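K.L.:
Below you'll find the structure I mean.
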Amino acid sequence: MSAVRDNQVVVIEKSRRTGISWAASFIADLTAATAPAAGGSDVFYIGYNLEMAREFIDYCADHAKAMQQAAARVHESFWNDPDKEEADIKVFRIDFGSGNKVLALPSRPRALRGMQGLVIIDEAAFHDNLDELLKAALALLMWGGKVLVISTHNGDTNPFNTLVTDARAGRKPYHVMRLTLDDALRDGLYRKICEQTGKSWSVEAERAWRDELFANYGEAAAEELECIPSAGTGAYLPLALIEARAETDIPVVRWGCDSGFVLLDERLRQAEADVFIHEQLAPLLAGLDGNTPHVFGVDFGRSGDLTVIWLLALGQKMERRTQLVVELRNVPFEQQRQILHHILDATPLLRAGALDGRGNGQYLAEVTVQRYGSRIEAVMLSESWYRENMPPMKAAFEDGLITLPQDREIVDDLRALTLVRGVARVPEGRTTGSTGKRHGDAAVALALAYAASRATPLEYGYTPVPLPWTQGNGSGLHDTAQDEERRDRLGPGANEFGILGKVMF
Numbered sequence: 005m006s007a008v009r010d011n012q013v014v015v016i017e018k019s020r021r022t023g024i025s026w027a028a029s030f031i032a033d034l035t036a037a038t039a040p041a042a043g044g045s046d047v048f049y050i051g052y053n054l055e056m057a058r059e060f061i062d063y064c065a066d067h068a069k070a071m072q073q074a075a076a077r078v079h080e081s082f083w084n085d086p087d088k089e090e091a092d093i094k095v096f097r098i099d100f101g102s103g104n105k106v107l108a109l110p111s112r113p114r115a116l117r118g119m120q121g122l123v124i125i126d127e128a129a130f131h132d133n134l135d136e137l138l139k140a141a142l143a144l145l146m147w148g149g150k151v152l153v154i155s156t157h158n159g160d161t162n163p164f165n166t167l168v169t170d171a172r173a174g175r176k177p178y179h180v181m182r183l184t185l186d187d188a189l190r191d192g193l194y195r196k197i198c199e200q201t202g203k204s205w206s207v208e209a210e211r212a213w214r215d216e217l218f219a220n221y222g223e224a225a226a227e228e229l230e231c232i233p234s235a236g237t238g239a240y241l242p243l244a245l246i247e248a249r250a251e252t253d254i255p256v257v258r259w260g261c262d263s264g265f266v267l268l269d270e271r272l273r274q275a276e277a278d279v280f281i282h283e284q285l286a287p288l289l290a291g292l293d294g295n296t297p298h299v300f301g302v303d304f305g306r307s308g309d310l311t312v313i314w315l316l317a318l319g320q321k322m323e324r325r326t327q328l329v330v331e332l333r334n335v336p337f338e339q340q341r342q343i344l345h346h347i348l349d350a351t352p353l354l355r356a357g358a359l360d361g362r363g364n365g366q367y368l369a370e371v372t373v374q375r376y377g378s379r380i381e382a383v384m385l386s387e388s389w390y391r392e393n394m395p396p397m398k399a400a401f402e403d404g405l406i407t408l409p410q411d412r413e414i415v416d417d418l419r420a421l422t423l424v425r426g427v428a429r430v431p432e433g434r435t436t437g438s439t440g441k442r443h444g445d446a447a448v449a450l451a452l453a454y455a456a457s458r459a460t461p462l463e464y465g466y467t468p469v470p471l472p473w474t475q476g477n478g479s480g481l482h483d484t485a486q487d488e489e490r491r492d493r494l495g496p497g498a499n500e501f502g503i504l505g506k507v508m509f
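Sequential numbering from 5 applies to the sequence shown in the working numbering.
Listed below in structure tokens is the structure:
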């Protein structure tokens, strides 16, 4: 009820038989039983067949009786569709003492003409013309109406899945909720079933019931019980769309180390990395716009996969322009830190960043968060993370709000994104690039950078604290070898006043 109260449009993707329609009928009664002056309104329920409409109205009648609300009996009447030559269509209605009504209408856009209130579209994926029905329902928002859309999935190309994807991508300002069978079980679904059927509940019985249900559905279980639309095949980002966002002047810098590099003395490894930094990266970093905020993403790899560092600039119109992509292959942990932190130190107006925090990537993520603060996020990549963050990135491709390098291997990484269980991600298989194996590394780095670009880090201030060796010395730090070593250890944020905080924008 709170989601409907707080949002104009709510979209719920659900498992079969989890009681959402029953809960929606309770919302309908509460809305219709409340006086208009207190926020109540008429309610219009639209299912895709007559049986659904009758069942919903019966639910409403039961709730009204339980709430002791003044409601007349269920009325049956007929609605005539002027576009059809068929017989009149039966509709059901309950009138409340508040003056409002709950009306079960046919799945016809015209049926909502002249209406005002809360519209509930049930099993939306199975309506014949959902797009037109939604257009008619959304017209009610102009005068304070609300829309609740509920459905099980019916394929990844269905208009309902498009609606869910658009809402998650931010194209539509709708509130999305997701209720799988497992979610319902955690909320007591099987306990209620046992209560209604007279069975004894136990953890073992619930687990056996769930397993049997999944076995009965077979391949359809993902869509019917886990809210994963079926038939998800093919590339998530079409090649034509990727190529349309590629630009020739965006640099991609690659550096790889042989297997013996990690055994070199630390000073030699640092010196080699410094040469790479100053020859390959420093000129590019010096050209960054000092008045533009920047964000970054890092997908980590050590001996197998690549580490990819993706730097984005946030344009005035919130377009994400790629400034630099760095690929590191077989580079030791410390040199990865050395290179990444040099890039970040040299990046103007660094707003936020996101790093792959799984496995070996946890080290690089941890030391980066320690150095640059809470504007940096260590991300544990998961199905839920991809579900929430890939649609907005795809929307940026479709809306022309992102640029990327015109680079074959990066394009191949982006093409590797596919729908797995209804969620865009990189599948298990690997491809081969000019420098070795790849696993969609650049695609993940871009997704992390794009997620960072949507973050909202807070600004903070600080009061500088003098370092111990500056006490009594009004002229600042001593220029001794020991003090030089201290400053090197503390990093670029140290001066005669102490450690300077990194201001977030």
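Even glycine gets a Cβ: it sits at the ideal position worked out from N, Cα and C. Quick caveat: nothing in here was measured; it's all calculated off a predicted structure.
Please classify D160: does DSSP put it in a helix, a strand, or coil?
P.N.:
coil
K.L.:
At a cut of 8 Å, does the stretch 175 to 185 reach the stretch 42 to 57 through at least three beta carbon pairs?
P.N.:
no
K.L.:
Would you identify the three-state DSSP class for E381, choosing helix, strand or coil?
P.N.:
strand
K.L.:
Note the first and the last residue of the continuous beta strand (DSSP E) segment covering K105.
P.N.:
K105 to L109
K.L.:
Given a cut-off of 9 Å on the beta-carbon distance, is the pair H345 and T311 in contact?
P.N.:
No; because the gap between Cβ atoms is not below 9 Å, this pair is not in contact.
K.L.:
Helix or strand or just coil, what does DSSP make of E89?
P.N.:
For E89, the pLDDT reaches just 48, beneath the cut-off of 50, and the residue's location in the model is therefore unreliable, although a value from the coordinates is still provided. Here E89 sits in coil by DSSP.
K.L.:
Rounded to whole angstroms, how far is the Cβ of A36 from the Cβ of V151, which I believe are closer than 8 Å?
P.N.:
The pair is not a contact, with the Cβ atoms about 16 Å apart (cut-off 8 Å).
K.L.:
Do you know offhand how far N393's Cα is from A453's?
P.N.:
Approximately 11 Å, taken between the alpha carbons.
K.L.:
Using a threshold of 9 Å, state whether the C-beta atoms of H157 and C231 are closer than that.
P.N.:
yes
K.L.:
Going straight from the alpha carbon of C261 to that of I246, what length do you get?
P.N.:
30 Å
K.L.:
In whole angstroms, what separates the C-alpha of A173 from that of L354?
P.N.:
For A173 and L354, the distance between alpha carbons rounds to 24 Å.
K.L.:
Tell me, please, which residues DSSP counts as bridged to P409.
P.N.:
E251
K.L.:
Any chance the CB of F300 is under 8 Å from a heavy atom of the ligand COA?
P.N.:
Among the components of this structure there are no ligands whatsoever, and the ligand COA is therefore not found.
K.L.:
Do Y49 and A32 have their C-beta atoms within less than 9 Å of each other?
P.N.:
With contacts defined as CB atoms closer than 9 Å, Y49 and A32 qualify as a contacting pair.
K.L.:
Taking the Cβ atom as the reference point for each residue, do L134 and V123 lie within a distance shorter than 9 Å?
P.N.:
no
K.L.:
Going by DSSP in three states, I24 sits in which element: helix, strand or coil?
P.N.:
helix
K.L.:
If you count every other CB in all the chains shown that lies within 10 Å of the CB of K196, and 16 or more means buried, which is it?
P.N.:
exposed
K.L.:
If you compare alpha carbons, which of L145, I281 and D186 is closest to T22?
P.N.:
D186
K.L.:
Can you tell me whether DSSP reads N499 as helix, strand or coil?
P.N.:
The pLDDT assigned to N499 is 44, lower than 50, so where the model puts this residue is not dependable; a value taken from the coordinates is nonetheless given after this. In the structure shown, N499 sits in a strand (DSSP, three-state: E or B).
K.L.:
Name the residue from A420, F130, A317 and H67 whose alpha carbon lies nearest to the alpha carbon of F100.
P.N.:
H67
K.L.:
Report yes if the CB atom of I254 is closer than 9 Å to the CB atom of T351, and no otherwise.
P.N.:
No.
K.L.:
Alpha carbon to alpha carbon, how far is A188 from G319? Give it in angstroms, no decimals.
P.N.:
43 Å
K.L.:
When DSSP labels each residue in this structure, what does T422 get in the three-state scheme?
P.N.:
strand
K.L.:
Measuring only the C-alpha atoms, how far is I16 from F337?
P.N.:
44 Å
K.L.:
So, using beta-carbon positions, are A129 and N104 closer together than 9 Å?
P.N.:
no
K.L.:
Please work out which residues of its chain come closer than 7 Å, Cβ to Cβ, to T169, disregarding the five sequence neighbours upstream and downstream, and give them in chain order.
P.N.:
P395
K.L.:
If you follow the beta strand (DSSP E) that S307 is in, where does it begin and where does it stop?
P.N.:
Where S307 is concerned, there is no enclosing beta strand (DSSP E), given that its DSSP letter is neither H nor E.
K.L.:
So which of A7, I380, L285 and L241 has the shortest CA-CA distance to M397?
P.N.:
Comparing Cα-Cα distances from M397 to each of A7, I380, L285 and L241, the minimum goes to L241.
K.L.:
Are the CB atoms of I61 and F30 nearer to each other than 9 Å?
P.N.:
no
K.L.:
Mark D10 as exposed unless 16 or more other C-beta atoms lie within 10 angstroms of its C-beta, in which case mark it buried.
P.N.:
exposed
K.L.:
Output the boundary residues of the beta strand (DSSP E) element that contains H179.
P.N.:
H179 to L183
K.L.:
I need the boundaries of the beta strand (DSSP E) containing L348, first residue and last residue.
P.N.:
Element bounds for L348: not the beta strand (DSSP E) but the alpha helix (DSSP H), F337 to A350.
K.L.:
Based on DSSP bridge pairs, tell me the residues matched to I98.
P.N.:
V106
K.L.:
Can you confirm whether the stretch 407 to 423 touches the stretch 261 to 271 when touching is taken to mean that 3 or more C-beta pairs between the two stretches lie within less than 8 Å?
P.N.:
Touching, no, given that fewer than three Cβ pairs across the two stretches are closer than 8 Å.
K.L.:
What is the DSSP secondary structure of G222, reduced to helix, strand or coil?
P.N.:
helix
K.L.:
Using a 10 Å radius around the Cβ and a threshold of 16 neighbouring Cβ atoms, would you call N477 buried or exposed?
P.N.:
For N477, the pLDDT reaches just 49, beneath the cut-off of 50, and the residue's location in the model is therefore unreliable, leaving the point undetermined.
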